[in-house]
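Some notes on the structure that comes next.
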């Protein structure tokens, strides 16, 4: 009986891309960290008690609101660079799982950058128009605001599922890898589980949803920085 072949190390032909992925995911993690203290400030805009109050809050917080979603846009694109580097570093441990994680992350970026973030940013102009009009015109802007917020929230739930599922899958592959520490895999899985718990609690309007959201992103920051350092060493 022959023993299983030992896992081969990461392909050194991708050393330059490991470094690019490392820098990308570290910067992405820092951007997510910067956004964390902004979330409580934006609660009136992100989780308004009504459409009217939401549009009013967005209009008064337009710079902060736009900046926050701009940060998310850049961080999303940086994760798009980082995940293929993770694929090449982890494919010897579990090619299928790591490939699915990379695809999930690509679809997440497409949904978030292509749909969710544009919807959020469109609310800034909509809120300004709502504040400057009255009567039937204001009612029309209010109805448009309701539709836009509903679509953005639905899209955000889909994006959240894809993003944190990708993190869980990549972290699972790390548990099977001899290159990455198991503790790093567990941190990623914890981040993913907390992030996914946000989905049902938000859908039910439960108070812990915000805690799950912030908790998932806190561990995502830690995971991103540690993964980035490891990828840089591999490069």
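Residue numbers (this note's numbering): 3 to 237. Every residue gets a Cβ at the ideal spot worked out from N, C-alpha and C, and that includes glycine. Computed from a predicted model, the values in this text were never measured in an experiment.
By the CB criterion at 8 Å, residue 175 and residue 95 fall inside the cutoff. The beta carbon of residue 64 lies closer than 8 Å to those of 126, 129, 130 in the same chain, with the five residues before and after it left out. With fewer than three CB-CB distances shorter than 8 Å, the region 52 to 64 does not count as touching the region 187 to 199. Within 10 angstroms of the beta-carbon of residue 34 lie 16 or more other beta-carbons, which makes it buried.
Between the alpha carbons of residue 153 and residue 74 lies a gap of roughly 18 Å. Sequence-distant partners of residue 147 (beyond 5 residues in either direction) whose C-beta falls short of 8 Å from its own C-beta, in its chain, are 53, 56, 57, 125, 128, 129, 132.
The Cβ atoms of residue 115 and residue 159 lie no closer than 8 Å to each other. Looking from the CA of residue 166, the closest CA among 72, 87, 108 belongs to 108.
Look at residue 63 here: in three-state DSSP terms it is coil, with no helix or strand label.
With respect to the C-alpha of residue 215, the residue from 182, 232, 161, 89 having the closest C-alpha is 161. Taking 8 Å as the cut-off, the beta carbon of residue 220 is found closer than this to the beta carbon of residue 38. Exposed is the label assigned to residue 142, since fewer than 16 other Cβ atoms lie within 10 Å of its Cβ. Of all alpha-carbon atoms in 30, 70, 97, the one lying nearest the alpha-carbon of residue 179 is that of 97. Excluding its 5 nearest sequence neighbours in each direction, residue 70 has C-beta neighbours in its own chain below 7 Å: 37, 40, 44, listed in chain order. Shown here for residue 203: same chain residues with a beta carbon closer than 7 Å to its own, the five before and five after excluded, namely 210, 211, 214 in chain order. Minimum Cα-Cα distance from residue 199 among the listed residues 182, 188, 218, 181 corresponds to 218. Between residue 234 and residue 24, the gap from beta carbon to beta carbon is short of 8 Å.
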